[in-house]
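Protein chains in written order, with my numbering: chain U, 1 to 431; chain Z, 1001 to 1174. One structure below.
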Amino acid sequence: MLRWFIVCLICCALPWSALAATEIEISSPGEQSIPLALTWFLPNQGSQSARVAAEFNEVLDADLDLSGLFRFVSQAAFLDDAEHVGLYSTQVNFPQWRMLGAETLIKGTYSLDGETLVVEARLFDVVNRRLLTGRRYVGERKDVRRMAHAFADLVLKELTGEAGPFSARIAYISDQSGDKELWLMDVDGKRPLRLTNHRSIVLNPDFSPRGKEVLFTSYRANNPDLYRKEIYSGKEAKISYKQGLNVAGRMAPNEREIALTLSKDGNPEIYLIGTSGRVRKRVTDSWGIDSDPSWSPDGSRLAFISNRQGNPHVFITDIFSGKTERLTRRGKYNATPAWSPKGDRIAFTRQEGGRFDIYTINTDGSDERRLSFGPGNSEHPRWSPDGRFIIYSSDKAGNRAIYVMRTDGTGARRLTDTKSDCRHPAWSPRW
Amino acid sequence: MKAMQMFKIALVVLFIFGGLVGCAKPVTDDQANVTQPDMSQQKEVKVADDKPMHGDAVPSHDKMAGLKRINFDFDQFTLSAEARSVLGENAKYLSANSGVKAVIEGHCDERGSDEYNLALGESRAIAAKNYLVSLGVSAKRLSVISYGEEKPLSNGSGESAWAQNRRAEFKAVN
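Written out as structure tokens, the structure is:
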């Protein structure tokens, strides 16, 4: 009898707790902003380190600023509560924050014991005087940036229902070492790490949908061949090495097939191959160039580029029925389609006035929007896993560098320096 | 009395349940929603092994004095009259030096999709090869490779640099 009563209570509690979750629906970032007070984290126990606090604050501030969801309350206006360590909602002086116009508040503490770092981070609802979410991160001193990115993801999850993409990584091609090699960096451009040492030309990286592998093309064996590389183990294998092109490899959402461009039959066409390289299906068949496939999130369609009607345009083909339609109608050169993770839009580049800029369009060809307006060329657009941002390369500051912007074209910022040539960014799935 | 007890137990269960799934809101206790991911447990990314891959570098085919490069228009692989006349000379050279095999490299300027340019560079190299074959050069002596926009002759930007980079080159194979 008692047991039944408890089960009943739990069942009742489930929908109730879901309903009680306050989510703020934000459809167009930049137009709506939440006033946020982001305080510096205070030392709790152990030794003080202004650098730990500064680094955490800098990373979190940059991530949340990029989201476009917040208006930051000036730190110069902060009153004495910003100096109080207490993290329980009963210990926070909410009226003080309310007075400064803040509706949300981030407070936290850190303790550094040798190399061991513990960070406690909290997000408060100032209006309703309550804790929204919090985390305790345990790691080493060098993990402080990852902790801050993880908390930024959590803050977005709490306020919008969709976690941020800041804990992910970005793969890209850089010639920093003298050759074009595959590199990996944080989403804010920090901690670059070289993954290949082919001393040749490495091109076109793309993550497997679960993020454990990267596909890329390399000239290491004197032909543009397709490789796969496990990120954690560093293991690498050449999977497609047919005569001619083996390029633009993109793993299907189910990770069982790879779409790529092969020219083994004398003309560049898109094929599906198994993960060991065996050809399973030829997808395109036209006299011209077919390349640059990008999967729809459900794995049923591919967007690609073709010059079958004269100029390069973006087409969409259903891989089961073979039905193919042209997507882009304007311009004379449209390229590098990238399907959004939500499936509704496709990002691509168009040459207009001798220069490439980034556009997005609905998958039915409606609602085309231009996101970049020079100077220089902006190319290689790819989506963040949450669909909030587009990462791309641009030569507007000299050498080609990696940039990120919101999907409405605002908030553009450069992530890599311009000392070397950086291109072809790909945002990993969430790790 | 018994009902009261039951109610208390139910409250405790509800509280624990909320704490366990970590999504019950609003949060009544500040610690209820706080979990502890251990950052030190996450796997670190492995760096590439740094052993040099000798012999794996991009092949540097010897340039052949007798074979001249040809140029193309933007996004085109058709052979201009000028390109055809250069290829005619190249064909004569190859006929006179019958032991020579050549790699035809197709190149593009930096603009446009890398993947598309890889395909375009190949089309350029194939167009040059087919024309040489039509002039009587054995197809067995000619192979093609595309470098897309990856190996520009000129690193500059602007039409004069781009025009130089849109090309097919002929290199001897050992």
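Every residue, glycine too, gets a C-beta built ideally from N, C-alpha and C.
Check: Rounded C-beta distance between Asn1117/Z and Glu1149/Z? I'm assuming under 8 angstroms.
Finding: Position 117 of the second sequence, counting from 1, holds the residue named residue 1117/Z. Position 149 of the second sequence, counting from 1, holds the residue named residue 1149/Z. Confirmed, about 5 angstroms.
Margin query: Within 10 Å of its beta-carbon, does Ser200/U have 16 or more other beta-carbons around it, so buried, or fewer, so exposed?
Written below: As a first step, residue 200/U must be located in the first sequence, where it is residue number 200. Label assigned to Ser200/U: buried.
Next item on the list: To the nearest angstrom, report how far apart Leu203/U and Asn1071/Z are at their CA atoms.
Entry: For the purposes of this step, residue 203/U is taken as the residue at position 203 of the first sequence. For the purposes of this step, residue 1071/Z is taken as the residue at position 71 of the second sequence. Roughly 24 angstroms separates the two Cα atoms.
Check: Since Gln351/U meets chain Z, which of its residues come closer than 8 angstroms, beta carbon to beta carbon?
Finding: The sequence position of residue 351/U within the first sequence is 351, counting from 1. Near Gln351/U (Cβ distances below 8 angstroms), the residues of chain Z are Arg1111 and Gly1112.
Next item on the list: Quick one: list the residues of chain U neighbouring Leu1120/Z, beta-carbon separation under 8 angstroms, in chain order.
Entry: Taking the second sequence and counting its residues from 1, the one referred to as residue 1120/Z is at position 120. The contacting residues are Ile289.
Notebook entry, point to check: From Gln351/U to Arg1166/Z, what distance separates their C-alpha atoms?
Noted result: Here the question's residue 351/U lines up with position 351 in the first sequence. Here the question's residue 1166/Z lines up with position 166 in the second sequence. When rounded, the distance between both Cα atoms is 17 angstroms.
Item checked: Cα-Cα separation between Trp1162/Z and Glu1169/Z, rounded to whole angstroms -> As a first step, residue 1162/Z is located in the second sequence; it is residue number 162 there, counting from the start. As a first step, residue 1169/Z is located in the second sequence; it is residue number 169 there, counting from the start. If I take the Cα positions, the gap works out to 15 angstroms.
Notebook entry, point to check: Can Val1133/Z and Ser1095/Z be called in contact, C-beta distance under 9 angstroms?
Noted result: Along the second sequence, read from residue 1 onward, the residue named residue 1133/Z stands at position 133. Along the second sequence, read from residue 1 onward, the residue named residue 1095/Z stands at position 95. Contact flag unset, no.
Next item on the list: State yes or no: is the beta carbon of Asp81/U nearer than 9 angstroms to at least one beta carbon in chain Z?
Entry: For the purposes of this step, residue 81/U is taken as residue 81 along the first sequence, with counting starting at 1. With 9 angstroms as the cut-off, Asp81/U does not count as an interface residue toward chain Z.
Check: So, using beta-carbon positions, are Leu262/U and Glu255/U closer together than 9 angstroms?
Finding: In the first sequence, counting from the first residue as 1, residue 262/U sits at position 262. In the first sequence, counting from the first residue as 1, residue 255/U sits at position 255. No, Cβ-Cβ distance for Leu262/U and Glu255/U is not below 9 angstroms.
Item checked: Min CB distance Tyr1131/Z to chain U below 9 angstroms -> Taking the first residue of the second sequence as position 1, residue 1131/Z is located at position 131. With 9 angstroms as the cut-off, Tyr1131/Z does not count as an interface residue toward chain U.
Next item on the list: Tell me whether Tyr88/U is buried or exposed, calling it buried when 16 or more other Cβ atoms sit within 10 Å of its Cβ.
Entry: Position 88 of the first sequence, counting from 1, holds the residue named residue 88/U. Tyr88/U should be labelled exposed.
Check: Alpha carbon to alpha carbon, what distance is there between Asp395/U and Pro375/U?
Finding: Here residue 375/U corresponds to residue number 375 of the first sequence, with the count starting at 1. Here residue 395/U corresponds to residue number 395 of the first sequence, with the count starting at 1. Between Pro375/U and Asp395/U, the C-alpha separation is close to 8 angstroms.
Check: Between Glu115/U and Gln91/U, what straight-line distance do the alpha-carbon atoms span, to the nearest angstrom?
Finding: For the purposes of this step, residue 115/U is taken as the residue at position 115 of the first sequence. For the purposes of this step, residue 91/U is taken as the residue at position 91 of the first sequence. Their Cα atoms are separated by approximately 29 angstroms.
Item checked: Among Lys242/U, Thr363/U, Ser67/U and Arg51/U, the one whose alpha carbon lies nearest that of Glu325/U -> As a first step, residue 325/U is located in the first sequence; it is residue number 325 there, counting from the start. The shortest C-alpha separation from Glu325/U is found at Thr363/U.
Next item on the list: Name, please, each residue of chain Z whose Cβ falls closer than 7 angstroms to the Cβ of Val247/U.
Entry: Start at 1 with the first residue of the first sequence, and residue 247/U comes out as number 247. Those are Glu1115 and Leu1118, listed as they occur along chain Z.
Checklist line | Cβ distance (whole Å) where Arg406/U is taken to contact Gly68/U below 8 angstroms | finding: In the first sequence, residue 406/U corresponds to position 406, counting from 1. In the first sequence, residue 68/U corresponds to position 68, counting from 1. Rounded, the Cβ-Cβ distance is 5 angstroms, consistent with contact.
Notebook entry, point to check: Taking 9 angstroms as the CB-CB limit, is Thr328/U close to chain Z?
Noted result: Position 328 of the first sequence, counted from the start, is the residue given in the question as residue 328/U. No - not a single Cβ of chain Z is within 9 angstroms of the one on Thr328/U.
Item checked: Coarse secondary structure for Ala252/U, derived from DSSP in three states -> Your numbering for residue 252/U matches position 252 in the first sequence. The answer is coil: DSSP assigns Ala252/U none of H, G, I, E or B.
Margin query: Please return the same chain residues whose Cβ sits closer than 6 angstroms to the Cβ of Arg1069/Z, not counting the five positions on each side in sequence.
Written below: Here residue 1069/Z corresponds to residue number 69 of the second sequence, with the count starting at 1. The residues are Arg1167 and Glu1169.
Check: Taking C-alpha atoms, which residue in Lys342/U, Val279/U, Gln243/U and Glu257/U lies nearest to Gly387/U?
Finding: Taking the first sequence and counting its residues from 1, one reaches residue 387/U at position 387. Among Lys342/U, Val279/U, Gln243/U and Glu257/U, the Cα nearest to that of Gly387/U is on Lys342/U.
Notebook entry, point to check: Applying a beta-carbon distance threshold of less than 7 angstroms, which residues of chain Z neighbour Thr160/U?
Noted result: For the purposes of this step, residue 160/U is identified with residue 160 of the first sequence, where counting begins at 1. Ordered by position in chain Z, no residue passes the 7 angstroms Cβ test against Thr160/U, which lies about 15 angstroms from the chain.
Note to self: Give the list of continuous beta strand (DSSP E) stretches no shorter than 3 residues that lie fully inside the region 1050-1137 of chain Z.
What the structure shows: 1102-1107
Check: Counting pairs of beta carbons, one from the region 174-192 of chain U and one from the region 94-102 of chain U, are three or more of them closer than 8 angstroms?
Finding: no
Checklist line | is_contact[Ile316/U, chain Z] using C-beta, thresh 9 angstroms | finding: Taking the first residue of the first sequence as position 1, residue 316/U is located at position 316. So no, Ile316/U is outside the interface.
Checklist line | Gln1164/Z, enclosing beta strand (DSSP E) - first and last residue | finding: Here the question's residue 1164/Z lines up with position 164 in the second sequence. No beta strand (DSSP E) holds Gln1164/Z; the alpha helix (DSSP H) holding it covers Glu1159 to Asn1165.
Notebook entry, point to check: Closest Cβ-Cβ distance between Gln1164/Z and chain U: below 9 angstroms?
Noted result: Here residue 1164/Z corresponds to residue number 164 of the second sequence, with the count starting at 1. No - not a single Cβ of chain U is within 9 angstroms of the one on Gln1164/Z.
Next item on the list: Answer with buried or exposed for Ala54/U, where buried requires no fewer than 16 other C-beta atoms within 10 angstroms of its C-beta.
Entry: If you number the first sequence from 1, residue 54/U lands on position 54. Classification for Ala54/U: exposed.
Notebook entry, point to check: Going along chain Z, which residues have a C-beta under 7 angstroms from Ala163/U?
Noted result: Your numbering for residue 163/U matches position 163 in the first sequence. What Ala163/U touches in chain Z: nothing, since even the nearest Cβ is about 13 angstroms away.
Notebook entry, point to check: Closest Cβ-Cβ distance between Asp364/U and chain Z: below 9 angstroms?
Noted result: Along the first sequence, read from residue 1 onward, the residue named residue 364/U stands at position 364. No, Asp364/U does not count as interfacial toward chain Z.
Check: Near Lys238/U, what residues of its chain come up, given a Cβ to Cβ distance below 6 angstroms and the 5 sequence neighbours on each side ignored?
Finding: Counted from its first residue, the first sequence places residue 238/U at position 238. For Lys238/U, where only same-chain residues beyond five positions count, the Cβ hits under 6 angstroms are Asp225 and Tyr227.
Margin query: Determine, for Lys1151/Z, whether the minimum Cβ-Cβ distance to residues of chain U falls below 9 angstroms.
Written below: Numbered from its first residue, the second sequence carries residue 1151/Z at position 151. So, interface residue.
Margin query: Tell me the residue span of the alpha helix (DSSP H) that contains Trp97/U.
Written below: On the first sequence, residue 97/U is found 97 positions in, with the first residue counted as 1. Phe94 to Met99 is the span of the alpha helix (DSSP H), which, as asked, contains Trp97/U.
Next item on the list: Tell me, please, whether the CB atom of Asp1075/Z is closer than 9 angstroms to any CB atom in chain U?
Entry: Within the second sequence, numbered from 1, the residue matching residue 1075/Z stands at position 75. By this cut-off, Asp1075/Z is an interface position.
Check: If you draw a straight line from the alpha carbon of Ser986/Z to that of Phe1074/Z, how long is it in whole angstroms?
Finding: Coverage of chain Z is limited to positions 1001 through 1174, which leaves residue 986/Z absent and any answer about it impossible.
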